[in-house]
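What follows is one structure encoded as structure tokens, with my remarks underneath.
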Amino acid sequence: MSKPALLFLLTAVISGCLLWAAPEQADWLTATAKAVLALSGISLAVALLIGKRVKFDPVLR
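Okay, so the sequence shown: first residue is 47 according to the numbering used here, each after it adds one.
Following this line, the structure appears as structure tokens:
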């Protein structure tokens, strides 16, 4: 897993935990956590797809 993918995964997990633990009265906090969770989830999927397409060939000919 690449470093950006790991960063997006950690961001998604943290925002998911924040969304779960937020009080019900804090509507702005839950809306922000949902937006960050969606954005980091999409970014994680893109980072994982890009990481699979770029391959490193250590054999120099």
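For glycine and all other residues, C-beta sits at the position ideal for the given N, C-alpha and C.
So S61 is in the alpha helix (DSSP H); what residue range does that whole segment cover?
The sequence position of residue 61 within the sequence shown is 15, counting from 1. That run of the alpha helix (DSSP H) goes 49–67.
Give the single residue among A51, M47, S48, L64 whose Cα lies nearest to the Cα of V82.
Against the sequence shown, residue 82 aligns to sequence position 36. In terms of Cα proximity to V82, the closest of A51, M47, S48, L64 is L64.
What is the DSSP secondary structure of A72, reduced to helix, strand or coil?
On the sequence shown, position 26 is the one that residue 72 refers to. Coil, per DSSP.
Report the rounded CA-to-CA distance for S48 versus A93, giving the unit in angstroms.
Locating residue 48 in the sequence shown gives position 2, where the first residue counts as 1. Locating residue 93 in the sequence shown gives position 47, where the first residue counts as 1. Going by the C-alpha atoms only, they are around 8 Å apart.
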